[in-house]
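Quick note: the sequence shown uses the working numbering, first residue 2, plus one each step.
For every residue, glycine included, the Cβ atom is placed at its ideal position computed from N, Cα and C.
Single-structure report; data block below.
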Amino acid sequence: MDYRKLAELIFPDIKGTIAELEERFPKRQLPDGAKVTRFAPSPTGYMHIGGLYAAMISRKIAKQSGGVFYLRIEDTDKKREVEDGVNEIIRSLKQFDLEFDEGPFDGGETIYAPYKQSERKEIYQICVKELMQKGLAYPCFCTANELDEIRRKQEEAKEDIGYYGKYAISRNLTYDEIEEKINAGVPYVVRLKSPGTSGNYVRYTDDIRGNIDMPENIMDIVLLKSDGIPTYHFAHAVDDHFMRTNLVIRGDEWLASYPLHKQLFEICGFELPEYVHISPIMKAEGNGKRKLSKRKDPEAAVGFYLEEGYPSESVLEYLMTIANSNYEEWHMANADKTIDDFVLSLSKMPVSGALFDMVKLNDVSKEMISSFTVDACYDKIVAWAKVYDEKLYEFAVSRKADFIKTIELWKMAGNKARKDVAKWSDLTSMFEYLYVSDSELNLTYEIDEKYTAEQLKEVIEEYQKDMFLDSDDWFGQMKEMGEKLGYCPNVKEYKKNPEGYKGSITDICTIVRVAITGRKNSPDLFTIMNVIGEDRTKQRLVRFLDAVK
Ligand code: GLU
């Protein structure tokens, strides 16, 4: 067979060569040890937390080695693509502060562009044409029925399933047969003519898994689909080579394809990059664990964390504890440092799936939020509420000073920073008494059973007479008021003689607090009432009396 003639027949309009591509996309000039890594998602409109995890790891490894981290969009499967999918990916990653050095966005395009596979068709075809010229690729006209038939025979004979060896019937077509089919417009794919030998092994080595020996690839896999678009296998080899990736970090579902990928690099004459396969994030179920599922687990989607209002810092820090279990210890010993100072080690990554633990995420996040300044909290809450809680947003923006005061009060209990908020949506139940309009507010009163309805009424009716909102000494006034009703103004004294009183000043404050906020705990009540305002505070008392009648 004249392979050159065949390549001309199949790719009459493709002119370039691999050597020209090598020149067009030259090796990167980077310091020794610098890693070029990438995040290569498909724009399916859904970003999995595992994707964020992989992006974080790839970016970290690139950054800490003085290398480059880029975004490549793998959009060769048009059926799965959604509108705005690319922007969605870029937006999500930005929201988690995972910025790229290069990619298909304003300012991200370099000589290695285009970064979208759909725009690189010619590059792939140049490579396939050259493989065909060398007799390493051929057109295959097999129909779906013929492929089914092959599979049936293989299943019957208990042989490996696939297009290879004696089953690879299109390998044997003559030039004339091929030309006839092409001229007749018969659809075809282009397959690899695998040079692999059954029984041979290739060795895979990475920092996480050590050495693994796997059978060499013998399958004549599809390089170009019938629309001329490559499969993932081929596209990634071409792209990682010409984008000069030297470390491919990807999910371990691709580990089994390593022998094929190694072969593709070799036959194209490309230097093989290093590979690292990371294990997925799992969820505990029964006694076992399973992958986080898009269908069953809301927390599988990155959107979940954004919607709930987990600060990006918390999510990244939590993911880092999964990636390297020594991170926490490091962080405790280096409290003044941030995740950016930590050196991630691929060899310390988990080999089998790490468990995702929501309780742990919440703990990490509470700690993180308590470390934010009041101003940082304000900015982050506003940014979150703008998208997810209209009422909180309006309140936070139109009553900025009041809201900041509330954050200050909530954040600090005495001199210690509180750690009771893991995500901004927690504020919805915590502070709704502040910002939801009275007509829409639905307070459930946390009333302790020890109080009788009579007692509650008596206290609130007394408080209705004067709420002391202008007073310099609200607490002193409350003590006086309580004393008049038979409540001890001094807690210690009350404890010594509980029979002598109806209760203490603590009870007086709790009853008023519940009447106004619905809650047993709130930041400083005097400030809260001033933020709510006198009229609304009065209305709350009326409302409470109605409720306990
Ligand atoms: N598009 C592939 C995926 O989403 C990328 C795998 C890789 O990183 O090479 O699984």
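In or out: residue i buried (at least 16 other Cβ within 10 Å) or exposed?
i, result
"Asp-473", "exposed"
"Thr-77", "buried"
"Arg-121", "buried"
"Val-360", "exposed"
"Lys-412", "buried"
"Ser-93", "buried"
"Leu-265", "buried"
"Asn-327", "exposed"
"Ala-63", "buried"
"Met-479", "buried"
"Met-57", "buried"
"Glu-181", "exposed"
"Asp-310", "Strictly speaking, residue 310 in this sequence is Gly, with Asp absent from that position. Buried, because 16 or more other Cβ atoms sit within 10 Å of the Cβ of Gly-310."
"Thr-246", "buried"
"Asp-467", "exposed"
"Leu-99", "buried"
"Gly-519", "buried"
"Ser-171", "buried"
"Asp-177", "exposed"
"Lys-424", "buried"
"Asn-325", "buried"
Leaving aside the five residues before and after residue i along the sequence, list all residues of the same chain whose C-beta is less than 6 Å from its C-beta, in chain order.
i, result
"Leu-137", "Lys-194, Ile-268"
"Arg-81", "Thr-45"
"Glu-75", "Ala-41, Ser-43, Gln-118"
"Val-190", "Cys-141, Val-223, Lys-226, Ser-227"
"Arg-5", "Gln-134"
"Val-87", "Pro-44, Ile-74"
"Gly-504", "Tyr-488"
"Pro-351", "Ser-280"
"Leu-444", "Gly-519"
Starting from the C-beta of residue i, find all residues in its chain whose C-beta is less than 7 Å away, skip the five residues before and the five after it, and write them out in chain order.
i, result
"Tyr-394", "Val-383, Ala-386, Lys-387"
"Leu-256", "His-278"
"Lys-263", "Val-203, Leu-273"
"Glu-463", "Met-482, Leu-486"
"Ile-183", "Leu-10"
"Ser-258", "His-234"
"Asp-102", "Val-69, Phe-70, Tyr-71"
"Glu-433", "Leu-442"
"Asn-218", "Ser-195, Gly-197, Pro-260, Leu-261, Gln-264"
Note the first and the last residue of the continuous beta strand (DSSP E) segment covering residue i.
i, result
"Glu-275", "275-279"
"Gly-52", "Per DSSP, Gly-52 belongs to no beta strand (DSSP E); it is in the alpha helix (DSSP H), 50-65."
"Val-223", "223-225"
"Ile-248", "It should be noted that the sequence gives Leu, not Ile, for residue 248. Unbroken beta strand (DSSP E) run through Leu-248: 248-252."
"Arg-152", "Note, Arg-152: premise wrong, no beta strand (DSSP E); alpha helix (DSSP H) at 145-157."
"Gly-289", "289-292"
"Tyr-139", "138-141"
"Thr-38", "37-40"
"Asp-1", "As shown, the chain starts at 2 and ends at 550. That puts residue 1 outside it, with no answer to give."
"Asn-212", "211-216"
Which residues in the same chain as residue i place their Cβ atom closer than 8 Å to its Cβ, once the five residues preceding and following it in sequence are excluded?
i, result
"Asp-298", "Lys-284"
"Glu-286", "none"
"Leu-31", "Val-37, Gly-67, Gly-68, Val-69"
"Thr-538", "Met-468, Leu-470, Ile-517, Met-530"
"Ala-302", "Tyr-47, Met-48, His-49, Ile-50, Lys-295"
"Leu-53", "Ser-93, Leu-94, Phe-97, Leu-99, Val-303, Val-316, Leu-320"
"Arg-419", "Ser-371, Trp-411, Lys-412, Met-413"
Could you give the C-beta distance for residue i and residue j, rounded to a whole number, given that I count them as a contact under 8 Å?
i, j, result
"Val-249", "Asp-241", "6 Å"
"Gly-252", "Gly-51", "7 Å"
"Phe-243", "Phe-26", "4 Å"
"Ile-124", "Leu-22", "6 Å"
"Tyr-379", "Ile-340", "Contact doesn't hold; Cβ gap of about 23 Å is too wide."
"Tyr-319", "Val-365", "5 Å"
"Leu-526", "Lys-458", "Their Cβ separation, rounded to whole angstroms, is 19 Å, which puts Leu-526 and Lys-458 out of contact at 8 Å."
"Lys-521", "Thr-511", "6 Å"
Identify the continuous alpha helix (DSSP H) that holds residue i and give its terminal residues.
i, result
"Asn-184", "176-184"
"Met-571", "Given that the chain is displayed from residue 2 to residue 550, the structure contains no residue 571 and the question cannot be resolved."
"Val-492", "492-497"
"Pro-260", "259-269"
"Leu-72", "Run containing Leu-72: none in the alpha helix (DSSP H); it sits in the beta strand (DSSP E), 69-72."
"Tyr-205", "Per DSSP, Tyr-205 belongs to no alpha helix (DSSP H); it is in the beta strand (DSSP E), 202-207."
"Asp-562", "Examination of residue 562 is not possible in this model, given that the chain is present from 2 through 550 alone."
"Leu-457", "454-466"
"Asn-522", "Run containing Asn-522: none; DSSP gives neither H nor E here."
"Val-375", "375-389"
"Met-359", "359-372"
"Arg-192", "Looking at the DSSP string, Arg-192 is not in any alpha helix (DSSP H); the run it does join, the beta strand (DSSP E), is 190-193."
Do we get a CB-CB distance below 8 Å when we pair residue i with the residues of chain C?
i, result
"Met-215", "Chain labels in this structure do not include chain C; a single protein chain is all it has."
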